[in-house]
Structures are given as C-alpha cells and as structure tokens.
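A.B. asks: Top to bottom, those sequences are chains A and B. With our numbering applied, the first sequence covers 3 to 304. With our numbering applied, the second sequence covers 3 to 304.
Number of protein chains: 2
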Amino acid sequence: MLRYTLRQVEYAVAIWDHGSVAAASAHLGVAQPTLSASLAKLEAQIGLQLFIRHHAQGVSPSPAGLRFLAEARNLITHAQDLQRDTAAAGTTIEGQLALASFATIAPSFVPPLIKGFTSLHPQVTIRMAEGTQDELLKGVRSGDFDVALLYDVDMPEDFAVTPLASFAPHVLLPGRHRLTRLKNVPLVALKDEPFVLLDIAPSRTYFTRILETAGITPNVAFSSPSLEVVRGLVGQGLGYSILVTRPFGDHSYAGEELAVRPIADEVARGVIALAALKQMRKTRLVSAFEAHCVDYFRAFAS
Amino acid sequence: MLRYTLRQVEYAVAIWDHGSVAAASAHLGVAQPTLSASLAKLEAQIGLQLFIRHHAQGVSPSPAGLRFLAEARNLITHAQDLQRDTAAAGTTIEGQLALASFATIAPSFVPPLIKGFTSLHPQVTIRMAEGTQDELLKGVRSGDFDVALLYDVDMPEDFAVTPLASFAPHVLLPGRHRLTRLKNVPLVALKDEPFVLLDIAPSRTYFTRILETAGITPNVAFSSPSLEVVRGLVGQGLGYSILVTRPFGDHSYAGEELAVRPIADEVARGVIALAALKQMRKTRLVSAFEAHCVDYFRAFAS
DNA sequence: AGCGCAGCATCGTAAAATCCTATTCAAGGT
DNA sequence: ACCTTGAATAGGATTTTACGATGCTGCGCT
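Given below as structure tokens:
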C-alpha cells in the first residue's frame, strides 16, 4: 500500500522549484498553510525530512531530501505523461481501434473502410479480426474488440447496433441452370432443387427462415461455413444457394461459371451493422469510426 | 494539476489483476463498494471506461482500458520503487552522506573516519568538503551537507553539537629556539616573542583568547589561514605559534625542524565536535555516522 | 422453469483528509 | 525598535474515503 499521494509529491516538488512554500503557494494557487501541512505530512509518512526551514527565507532541500525530490520529479512527470496520453485517447482521434468483422462481410467492406478511415486519421492504427457471430459477440463482450461489423440478426439486448446498409439476398445458380433464364427467381421455383447452405451462425437461420417464410422446406444437400466453398459447390452444379454477400465476378475459385438472380418474392434484407456494447462509453475514436462507417455505407443505400 | 490519485490507479490495477472487483477487494482488504466507487470515479475523471462489467462474472478491461492499465502499472511500480528507496534511506544504513570538515581537522581525522565507516557499511558513499567554520555552517544550513566536523567554538544556537574529543593546544617553536629547553612552556615566557597566527575563524579568536586570558597581548608578526604555512613561518624562526592540530613529524614542508611543547598554564582545550542542524530529523545513516565518530574519538580521550 | 449464487452498484453514514481564512511566531533588514 | 518576510498553528467548512447493509441482474444448478 502506497503511503503517499501524488498530490503531496506534486506540492513538494513545486516547493523545491520555487524555493519556498509561499512562492509555491502563489504559483499553484493554493493557500500557503495547505502546502505547509501537506509537506509536513509527507515528511512524516515517508519518515524523511525533505526540507530545512529558514526563518523568513524559504526552505532548502536536505541532502537526503534532494535525492528523494529528484526521483519524485520523475514520478510526477510519469504521472503527467499518463494523464496526457489518456486525455488524448479520450478526446482526440488517434491510437488503436480493435475491429472485428463477420467473415463474409470482411473481404468486401473492411479494406475500403480501413483505407478511408486511416487516410482521414493517419494517427490511427486498426487491429483486425474475423469470425463467426458468436466469436464477434464474445470478443466484444470480453473487451478484445471495440466494435464488430456484422449482420443485424438475433442481436442480444446488451449490444448497441448501428445499421449501416441493407442488401437483398440473391439466388446463386450454376451458370447453365435452367432457372437462369428467369430474370427474377420466385422462391417456389426452388422447391425441389438441392440447397447448398452457407452454414455460419446467424446466416444459417437467416437463409432457412427466408425459404420457410415462403412455405418451402429446403432440401439441404450440402453445407459449408465457407462462402467460397459454397460457391464452388454451386459451380459444380450440386445445387443452388441463397446468399447476401456478392463478390465481384461470376466465377468460383475453380473457374466454373455462376449466375446471380434476384429473388422475385418480398424477403427480409440482410442488414449490415456496427455493434458495440451498450454499457461501453464510446471513445472519440470509436465514435469517429462509427460515423465513417455510416458515411461509407450511405453509397450502398438500396 | 493531476486529476487522479495513486490510490485510484492502484485499485484499478488490482482489479485488473484479479479479474473482478470482489476478488481485488478480498485481496486488498478493502470493502467491495469502496473499490467499485473508486473505479467509477477514476473512469469519470480520466474520461475513459476502463472495464466492461459482466454480471456475476467479474470485469474485463476494454481495449482502451487495457492500454491505460498497462501504463498505469508502470506508474504504480515507479511509485513503489520510490517508496522502497525512501524507506531504505530512512531506516537502513546506505546511500550518500555529505560530510564537511574544518580544514585543519580534515587531514588527520577524516581519512580514518571514512575508512572505518565505509568498511563497516559498504553500501555507503561519502561526499567530502573542507572549509572554514563559516562555510561549514552555511553549507549545513543550506542543506549542502548532512553534518560538519569542526571545533566547538562559538557555535550558533540552531546547531546540535556532539563533542567527540578535546585536545590541549601546544606551543610550536623553531627547532633551535631557546624555549625548547623547557619541558612545558608557561605563556608568560612568550610575552615578547613574535606570534605567528593561524588565521581562520574561529581558531583566530580561540588562540588570541588563550593568550589574553593569560594577560598577554600577542605580538602578531605574521598570520596565515594555512596550517602548513604557519608551521613553515615558525620553522624559519619568524616566531612561535599556538596550535591544536598536530601533524605527525616535527618538520615543516620545507624541512626545517620544529619543536612542540605543552603549555604549562591551564588553558581551554580545543573540542572537536560533530555538528548538525537541530531542526533536522536525523536519518539512520547520519545517526550511525555520529555513533561511529564518537567511537573513533574515544581512543583520543585525554 | 425456478432458485440460489456471484458479483457490481447504490444508499446512508461516520471518519479522515483537504483546504481555506485568520493568526501567531521568528529572523533579517531598515 | 520596527517592519517585512515567510513558516507554522488554530479553527472550521467541505470533500473524500471508507464502511456495512441492501438492491439488482445474469448465470448455473437442480
């Protein structure tokens, strides 16, 4: 347990600097008896007389006091540095931002977001991570991340969710599938087709719910947690899929042609959102990033 | 002005270490509400939420909080180091001792004193200075020195004086002076002889007072502030002197023979003493040195 | 599904620390 | 002898810190 306070040390160093209690008092804007008492108490607590008192002529440090004061000044400087850094962290836009992103959202949106934000605020570094919804929520709750970029589906009560943009899901078909002739695919047309499910929470429930809402029990032939694997399976003609994320280009990794068709029915759109803990007081940095995200996604309003 | 206290930071770091307010409370022996309030206040004062609260599962640092806490721990360590060093300075016998010595006393006594003390306490270093009585008193008063080794003559009221040993003054004569035939020299015999005065305060007044007490008005032919110059002048046959300090050997620097004779009269002895400021609370180190001096000079009891 | 437990926050209060103004006291300079 | 300077003390108001008791809420266990 520490036996002295920063305030006491601060005063003692000021008395040293000014050569007298009275001068320090004037300079600090603190009454002279306050300093006198504070110094006396500090000396008692550390068991060391710091100053020699000269009647009507100020004080001067004792040999042992001088050694203490030299170190004490370092401590005060250290404390001031910490305060300054902390104040900066709270009010200016700099430092590190820990951002987690849902795996299928990350490749399309995170790079431009980071590019835009860091060129706006060069003092900022961003730490990135991707994961499933569960992992993101856990990470934010445990303090590993400041915010998470994810789909606003089944979000728990303790998260503050900022919607950014919504995207309509689409049907993904093999390039030569007979339904590719249609401009819009009604969900009923998929009734008996084999379904390739993107199997990540909460996407899984989101997609199956879309089909079930249309009265269709999906015939899940394959499933994978990887978007690219799903696209590959569809490319191989093993079934259709329903997705929100739409990478640039109409080919799978392996090169098979793919076809993307809007859904004819009215369906729930996938809402991309930024989520943070409700209980967390936002730093300026986090707020600024949030604003930047809103800005960036405004372009996708549709 | 610093906006947080060491106590607050100490508590916050403890909470971090133990993962919960309750655990830190048990470990610190401080009530849980105290820590809770202290943390809340600290967060408000630095404008930064340090911890995420988990219901019934402790707390975990936020990303920004983590950065603060890492630095905060350094600060606490710094403060603890200072406290430890200071406590050591107050209670153990180590560190630096600033010793000032009257110029004529120094050569004979300071080297053995330092040798003896530092071999007793190897952790101690001693800073040395010599000077006139005025300089010594000024140095001790201004905090340049912890203690001064000097003659206890005309000591001001604000000094605490510890007598160490007393030495009888002697008459110093040229080697072939007629009075060298006497075993003890009565002061009256010096009545008309030229006097060579060691002219340093307070020795000057001490020596002249001795002669005046015996009813003699000294005929000051020469004076010098240097003991060795005085001995040289006497060696040249330019007069006699009265001194307390008696170097080893009966020759001046230039090689002239000198004779030392006790004074037949009853005269005031020169008292060597250690002086410190009354108002200064002594460190263990100073007390130990004082004790060592008393010990060392016991051998000179005469 | 309900219940108990764990753990943080809040409330009320007592003790201690902090700070102020007014005053006293001592040394030095005039 | 008096005035100035500057530290210490006294007394009192305010703030801070601490405590115990209690409330509240999610988690895990039956």
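Each residue gets a CB set at the ideal place from its N, CA and C atoms; glycine is no exception.
Using a Cβ-Cβ cut-off of less than 9 Å, list which residues of the segment 78-111 of chain B approach chain A; keep chain order.
C.D. replies: Cβ contacts with chain A come from I78, H80, A81, Q82, D83, L84, Q85, D87, T88, A89, A91, G92, T93, G97, Q98, L99 and A100.
A.B. asks: Could one say the Cβ of Q34 (chain A) lies closer than 8 Å to chain B's Cβ atoms, at least one of them?
C.D. replies: For Q34 (chain A), the answer is no, since every Cβ of chain B falls outside 8 Å of its Cβ.
A.B. asks: Where does Q98 (chain A) fall in DSSP's three states?
C.D. replies: Note: Q98 (chain A) maps to strand in three-state DSSP.
A.B. asks: Can you give me the Cβ contacts of H253 (chain A) inside the same chain, cut-off strictly under 8 Å, excluding the 5 residues immediately before and after it?
C.D. replies: Answer for H253 (chain A): G237, E259 and L260, listed in chain order.
A.B. asks: How would you list, in chain order, the residues of chain B whose beta-carbon sits under 8 Å from the beta-carbon of I48 (chain A)?
C.D. replies: Result: Q85, T88, A89 and G92.
A.B. asks: Relative to the C-alpha of V190 (chain B), which residue among B:V173, B:L200 and B:G177 is closest?
C.D. replies: Residue B:V173 is the option with its Cα nearest to V190 (chain B).
A.B. asks: Since G234 (chain B) and A256 (chain B) are thought to touch, with beta carbons under 8 Å apart, how far apart are those beta carbons, to the nearest angstrom?
C.D. replies: About 6 Å separates the two Cβ atoms, so the contact holds.
A.B. asks: So if I threshold CB-CB distances at 9 Å, which residues from the segment 282-298 of chain B count as touching chain A?
C.D. replies: Listed in sequence order: M282, R283, K284, T285, L287 and V288.
A.B. asks: Verify whether the separation of the beta carbon atoms of L276 (chain B) and I95 (chain B) is less than 8 Å.
C.D. replies: Not closer than 8 Å, so no.
A.B. asks: On the three-state DSSP scale, how would you describe H29 (chain B)?
C.D. replies: Three-state result, H29 (chain B): helix.
A.B. asks: Please go through the same chain and pick out, in chain order, the residues whose beta-carbon is closer than 7 Å to the beta-carbon of V15 (chain B), but skip the five residues on each side of it.
C.D. replies: If we look at V15 (chain B) and ignore the five residues flanking it on each side, its Cβ neighbours are L71, A74, R75 and I78.
A.B. asks: Taking the alpha carbon of L152 (chain B) as the reference point, which residue from B:I274, B:L245, B:L44 and B:Q82 has its own alpha carbon closest?
C.D. replies: Nearest option by C-alpha distance: B:I274.
A.B. asks: So, is the C-beta of R75 (chain B) closer than 8 Å to a C-beta in chain A?
C.D. replies: By this cut-off, R75 (chain B) is not an interface position.
A.B. asks: Can you tell me the Cα-Cα spacing of A91 (chain B) and R69 (chain A), whole angstroms?
C.D. replies: Using only the alpha carbons, I get a separation of about 10 Å.
A.B. asks: I'd like to know whether the C-beta atoms of L101 (chain A) and F147 (chain A) end up nearer to each other than 8 Å.
C.D. replies: The answer is yes: Cβ separation under 8 Å.
A.B. asks: Give a yes or no on whether the minimum CB-CB distance between P124 (chain A) and chain B is below 8 Å.
C.D. replies: No - not a single Cβ of chain B is within 8 Å of the one on P124 (chain A).
A.B. asks: Between G145 (chain A) and chain B, is there a C-beta pair that is closer than 8 Å?
C.D. replies: Closer than 8 Å: yes.
A.B. asks: Please classify R263 (chain A) as buried or exposed, where buried requires at least 16 neighbouring CB atoms within 10 angstroms.
C.D. replies: Result: buried.
A.B. asks: Give me the residue from B:L30, B:R180, B:A203 and B:H80 with the minimum Cα distance to L139 (chain B).
C.D. replies: Cα-wise, what sits closest to L139 (chain B) is B:A203.
A.B. asks: Are the beta-carbon atoms of V198 (chain A) and V232 (chain A) separated by less than 8 Å?
C.D. replies: Taking 8 Å as the Cβ cut-off, V198 (chain A) and V232 (chain A) qualify as a contacting pair.
A.B. asks: Of all the options A:F224, A:R206 and A:T219, which has the alpha carbon lying nearest to the alpha carbon of V246 (chain A)?
C.D. replies: It is A:R206 whose Cα lies nearest to the Cα of V246 (chain A).
A.B. asks: Between A:R5, A:Y242, A:R211 and A:K185, which has its C-alpha nearest L192 (chain A)'s C-alpha?
C.D. replies: It is A:Y242 whose Cα lies nearest to the Cα of L192 (chain A).
A.B. asks: E12 (chain B) touches chain A at which residues, Cβ-Cβ below 7 Å?
C.D. replies: Ordered by position in chain A, the residues that pass the 7 Å Cβ test against E12 (chain B) are L4.
A.B. asks: Taking 8 Å as the CB-CB cut-off, is S22 (chain B) touching chain A?
C.D. replies: It does not; no Cβ of chain A falls within 8 Å.
A.B. asks: Excluding the 5 residues preceding and the 5 following P114 (chain A) in the sequence, name in chain order all residues of the same chain whose CB lies nearer than 8 Å to its CB.
C.D. replies: Here the set comprises Y298.
A.B. asks: So with CB distances below 9 Å, who are the chain B contacts of P63 (chain A)?
C.D. replies: Per Cβ cutoff of 9 Å: G145.
A.B. asks: Answer with buried or exposed for E214 (chain B), where buried requires no fewer than 16 other C-beta atoms within 10 angstroms of its C-beta.
C.D. replies: Label assigned to E214 (chain B): exposed.
A.B. asks: Between L200 (chain A) and L229 (chain A), is the Cβ-Cβ spacing less than 8 Å?
C.D. replies: Contact: yes.
A.B. asks: Measuring only the C-alpha atoms, how far is I54 (chain A) from A24 (chain A)?
C.D. replies: Approximately 15 Å between the Cα atoms of the pair.
A.B. asks: Starting from I78 (chain B), follow the alpha helix (DSSP H) in both directions and report where the run begins and ends.
C.D. replies: Here the alpha helix (DSSP H) through I78 (chain B) covers P65 to T93.
A.B. asks: Candidates B:V142, B:E195, B:G251 and B:T134: which alpha carbon is nearest S226 (chain B)'s?
C.D. replies: Minimum Cα distance to S226 (chain B) is reached at B:T134.
A.B. asks: Residues bridged to Y153 (chain A) by DSSP?
C.D. replies: Y153 (chain A) is bridged to A:I274.
A.B. asks: Could you list which residues in chain A have their beta carbon closer than 9 Å to that of T7 (chain B), in chain order?
C.D. replies: Those within 9 Å of T7 (chain B) in chain A are T7, L8 and R9.
A.B. asks: I48 (chain A) and T88 (chain B) look like a contact to me (Cβ under 8 Å); what is the Cβ gap, rounded to whole Å?
C.D. replies: About 5 Å separates the two Cβ atoms, so the contact holds.
A.B. asks: Identify every residue that forms a DSSP beta bridge with V198 (chain A).
C.D. replies: The partner list for V198 (chain A) (beta bridge, DSSP) reads A:F224.
A.B. asks: Give me the Cα-Cα distance between S289 (chain A) and P35 (chain B), rounded to the nearest whole angstrom.
C.D. replies: Each residue's alpha carbon lies about 31 Å from the other.
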